[in-house]
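Quick note, the sequence shown lines up with residues -21 to -1, 1 to 1176 if you use mature numbering (1 follows the signal peptide of the UniProt record, and there is no 0). All C-beta atoms, glycine included, are put in the ideal place defined by N, C-alpha and C. These figures come from a predicted structure and were not determined experimentally.
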Amino acid sequence: MVPNTRISLLWLLCWFKWSSSIEIPQEVEQPPTITEQSPKMHIVYRIDDYSIKCEARGNPPPTFHWTKDGKDYDPSKDPRVDTTSNSGTFIIKASNGNVKSFQGKYRCYASNSRGTAISEEIEFITAPIPRFPKETIAPIQVEEGMSVVLPCDPPNGAPPLNIYWMTTSMQRIEQDGRVSQGLNGDLYFSNVLASDDRADYFCLAQFTRARNIVQKEPIRLIVKPFVLPNDTESHGIDLQAANSIENRGPRLLSPSGSVSSVMALRGDSLQLECIAEGLPTPEVFWIKLDGEMPEHRVRRKNFNKTLEILNITELDHGKYQCKATNPSGSVTHSFSVIVEAAPYWIKKPENKIAVSKENAQIVCEVGGHPQPGVHWKVNGKLMNETKPIINRKVSQNLISLTNLQLNDSAVYQCEASNKHGSILVNAFVNVLNLAPMMLTPDNQDYIAVEGKVTFLHCKVFGSPAPTVFWLKEDMETALEGPRYKVHENGTLEIVDVWTEDAGFYTCWATNSLGNDTTSGMLEVRAATRIVHPPEDLVIKRSNTAQLKCHAVYDSAFKRDFELSWKKDGEEIYVDQTENDRIFIEDDILQIINVDEDDEGTYTCVARTPLDSVMAEAKLTVLDVPESPEGLELSDSQDRSIRLTWKPGNSRNSPITEFIVEYEDNLFEAGRWHPRTTVSGNETSVLLHLSPYMNYQFRVSALNRVGKSKPSAPSKRYLTKSAVPEKNPINVKGEGTEPHNMRISWEPLKPIDWNGPGLKYQVSWRQKEAENPWNHSTVNKHHHIVDNTPTFVPYDIKVQALNDVGPGPEPKIATGYSGEDLPEDAPMNVALEVMNSTVIKVTWSEVQKEKIRGHLEGYKIVYWKIKSLLERRKRHLEKHVLTFSGERSHGMVPGLEPYSKYRLAVMVFNRKGNGPESAPIHFDTPEGVPEQPAFLRITGIAKDAVTLMWGPPIKPNGILIGYLLQYQLINDTDEIGSLKAINITNSTVTKLTVSDLDTSSKYKFYLSACTKAGPGKLITEEGITVMEGGFSTTFSFPTTSLSPVANDSLSSIAYAGIHGGISTQGWFIGLMCAIALLTLILLIACFIKRNKGGKYSVKDKEDARADPETQPMKEETFGEYRSLESDNEDRPLKGSQQSLTEDVKPTGSDDSLAKYGEGGSEGQFNEDGSFIGQYSGNKENGAVDGNESSTATSPVNA
């Protein structure tokens, strides 16, 4: 049991504070308390229903009655109003008749057996809907530059009132330092402009409480143009007149006079206004003459014309002054501010709960200016109207009650009033004898977080006030120590909770009449901690920012744990992110495409139902700087000016440099050009200017992120004119006709004109002659001189001049009059045949005066008449070779061997070609022939092979026979010796080669021959049959040296055991059938293998090949082979020479069409060598050391 002495001590300590602050449970008897009432003054309009409210609580429940204008009024008996049971509120229905009859002052009374509480007096006022009167407003006339006031005069109505000046298009009249609206709603013009002239100035008054907007009739403002003195005929304003409007000093339009007095109520806002007229528009400044301006509560509005002081106090009493000033003078006005106050509480009466035989005091202290009068009431009646009580003593600010009894419970009212208003408060004295009543339920469960604060509740009521203390588990003494605190309401606070604090707690409440308890169980959980807080991040704009925040928490909160993010204190919701740029996943916050709006402090909040922890990180976004501003020009000179500016925000990255650009609207309006760059530490630069430019400048800032937008342009600056400092460049003289010369030049850029009226003085004279200069002044960029000799040199020059004067002396250039076609053809044309495809042509150069123009070069025109093997002439197809510059010889390649040609030479200039020389006929010698058209094996025996071929399509001469070579190429390392057969009859196209080995593979090489030697090879392979049976053999022709019309195809040859059977019809038919089936299988196989590959024996042969070749000399056109011939199977070693050892075969069938300058013309170098590699597409072709190509021959291994 708790000792009684300890209980008494705690009761004495807690009683006083509890008695003034405890809330009485509803189930305990108590006097009425007003909980809700209508405002003290209410203005309503006849169209509205209105509730006059009065609500109260108490035990027993209170009853209600009303007074109106001091007389009893029972709403329940008035059929015009609606009432509610157990409530004092009644509703006045506008539809029930004359609402105006309800005007008056109402007071509500709430009563029960323990007393009566009253409401403050409620004044009910009805008002009509405000409207502007119907009127005709005469136009207002004012001279430009003078002041004018447009009156609004809004109708009376309940505040708040808002005034707007609009036009017929419902656009607000733009206001500034010159045009502004006064506190009274009038529109003030400090000075009018011609643009103020309009017929639709509307004043609109908005009455918020009446939900009504009314409009005044439009006002017509006529602005009369300013007229110069003695200028009665002026019908408009010109620039000189506008500049002649006289400036005038300020004069106050509102308020009038120089001194005024203003009264303000404590707690309200004070507005002082000064509106001045003058030209130029005056500026207004405010000061307090007898003290410091309370700047923290001051607002300057309406372009500094209104001074507003918020929450006025007695300290704001004093003198204030406004001063309006412009360059022509100033004017002042002083306000004497007097601060008064409606009644306000200094010490407000409070409810008292007392025990029988106790004493009590009710204190009521009020302030106000003038000092309010205080009146005491009890249960709604004045003290002097009630029966005196012995134990009650009443004074001005205090009621003292002694030896209270249960029937002394009552409600006291303190009411204070002065001329500015009144205040009233109810305070009851409730005399109770009540043992502790526990209001907190028993067996409560509490959960606390380790290291945090927790609260265990023990809400109790009793009279006398109970003493509260706490016990833990089986402790017999109350909890004490720095970590424990019992609050006035009985709550136990434990700070810095430990794990050991978990357990069972009991709250004891006791007074002299008894005691009561409540208990609860406390659980302690691990605290939430952020182990990986987000880190500060600096990132460039448009990149992705990522912040990570990892927290640990008690496992019991696994389902209730929440991790959220805030930006600058505002919660970030994933489903409300803009354009899906912000993502939150687990413990990561990701912002895509960051911009300056994303910059700020990001807070990670880890939260459980019991605790939360936070960690912050700052996100800094780097971006291009803001544009510079405030561009100003100063220190102007004829050719320079200083530009200054203010840097914009660097956006977290230092500005490294400024870029200055200029624009000139005289020549290139709207086009900006770079002028200079300035260090990021500088904010001004001296700019060197060109004459006659109307400059405008702008500045951009650069940091490591990028370049800012350009600043707003500066004011324009027009430089003075000067003579040109430059002359045109690239002066040329060229003729367009044989007897004229066109002088042209590159015109000056506008920045180099230096003045208006730019022209060009063109001068010319014939070169190397004592001729005077001819002159012509033009505005164009060229000049044509007529009647000139053909192609003679001239001295020419072009000088710039403008209205100020000529530019510097120009340099002299050389030009030429027009060209004409050459008059003569080259003489002494001769040629030398180099080989069967190349000739060398020589000629004598044409005299310069006969060329009559710029020498471009010479052209050789040639064409083939016919082949010497043909009888008829062929169609003439001319070819042209061009040789640039001064030349007297040239090489003509690509001719066809053994053909008849014709050739001529001409000179040409820029005008065109001269006449051709007399034609020369010539024949090309024989060359080596092309490969035979085809080579096939038509029969195979055990020791013989029959070959058939076709003559070459291009013999390139007279055929004298064929050279056939062959050798054994079985699939072994041994390769047979090369054998040759010279066929001297050119008409032979079939031959049987005998004395071959049985069942062996041979390779055959065939070439046609002319006197120039053997031509290109064609090859074929074949296999003889075995003795004692028959064998199917395959012959694989290799790729020919050059493509022919009938390339040899893969053939199949068969032979029997005895020579006689191969001639039998049945055997031949059988073999043909087998050959056909085999051919089909081979074709299918070849298609599957992408049209086949090399035969294995062929691969071995190529591996043993030795080309023994030499490259062509650079300065000689020799024989060449095509790409196909270079990839042909190279012959084996041991080849024999062709039919005649001393014959050096040459030849080419290449065309010049692909080497010309277009069409059939070819281009040559200065020495006559052909541009490019004349050997065509040859890559690996072999050339004999005797400067002519040799057919590749097989040799012994």
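In the same chain as K72, and ignoring 5 residues on each side of it, the C-beta atoms closer than 8 Å to its own belong to D28, R59, V60, D61, in chain order.
Under the DSSP assignment, K827 falls in the alpha helix (DSSP H) whose first and last residues are 827 to 830. For the options P322, M417, L601, the alpha carbon positioned closest to that of P633 is the one of L601. Inside the segment 114 to 158, DSSP marks whole beta strand (DSSP E) runs of 3 or more residues at positions 119 to 122, 127 to 129, 140 to 145, from first to last along the chain. In its chain, beyond the 5 residues on either side, E344, V345, G346 have a beta carbon closer than 7 Å to the beta carbon of I325. If you check the CB distance, N781 and K738 come in under 9 Å. With 16 or more neighbouring CB atoms inside 10 Å of its own CB, A680 falls in the buried class.
Bounds of any beta strand (DSSP E) do not take in H833, whose DSSP letter is neither H nor E. Selection I937, C1051, P911 evaluated against E999 yields P911 as nearest (Cα-Cα).
Assignment of A585 by DSSP, reduced to helix, strand and coil, places it in the strand class.
With a cutoff of 9 Å on beta-carbon distance, I332 and N409 are scored as near each other. For the pair N386 and K372, the Cα-to-Cα distance works out to about 17 Å. For A920, the secondary structure class from DSSP, reduced to helix, strand or coil, is coil. By the criterion of a C-beta distance shorter than 6 Å, S237 is surrounded in its chain by H312, once the five residues flanking it on both sides are discounted.
From the listed residues Q944, Q150, C87, the smallest Cα separation to K50 is found for C87.
The three-state secondary structure of H275, taken from DSSP, is helix. Within a 10 Å sphere around the beta-carbon of S878 sit 16 or more other beta-carbons, which makes this residue buried.
Judged by DSSP secondary structure, N807 falls within the beta strand (DSSP E) whose first and last residues are 806 to 812.
In the DSSP annotation of this structure, the continuous segment of the beta strand (DSSP E) that includes S240 starts and ends at 238 to 244.
I932 sits away from T989, with the two beta carbons spaced by 9 Å or more. When DSSP states are grouped into helix, strand and coil, E642 belongs to the strand group. Per the coordinates, the alpha-carbon of T456 lies some 7 Å from the alpha-carbon of L450. For R560, there is no enclosing beta strand (DSSP E), as DSSP gives it neither H nor E. In this chain, R110 is not harboured by any beta strand (DSSP E), its DSSP state being neither H nor E. In its chain, beyond the 5 residues on either side, P11, A35, A89, S90, N91 have a beta carbon closer than 7 Å to the beta carbon of P41. At a Cβ-Cβ threshold of 9 Å, H21 and E102 count as neighbours. Looking at the DSSP output, D495 shares a beta bridge with A488. Boundaries of the beta strand (DSSP E) harbouring I997: 997 to 1002, taken from the DSSP string. Taking Y795 as reference, the option from H833, Q160, L380, N807 with the minimal CA-CA separation is H833. Taken in chain order, the unbroken stretches of alpha helix (DSSP H) that lie wholly in the segment 823 to 895 and span 4 residues or more are 827 to 830. Short of 6 Å from the beta carbon of F264, and not among the five residues preceding or following it, lie these beta carbons of its own chain, in chain order: K302. The secondary-structure analysis by DSSP pairs W743 across a beta bridge with N753, I775.
Close CB contacts of S979 within its chain, under the 8 Å cut and outside five residues either way in sequence, are with L947, N949, I1002, T1003 (chain order). Separation of E905 and A991 (C-alpha to C-alpha, rounded to the nearest whole angstrom) is 6 Å. With contacts defined by Cβ atoms closer than 9 Å, H348 and N397 form a contacting pair. Taking all protein chains in view, the Cβ of H466 is surrounded by fewer than 16 other Cβ atoms within 10 Å, so the residue is classified as exposed.
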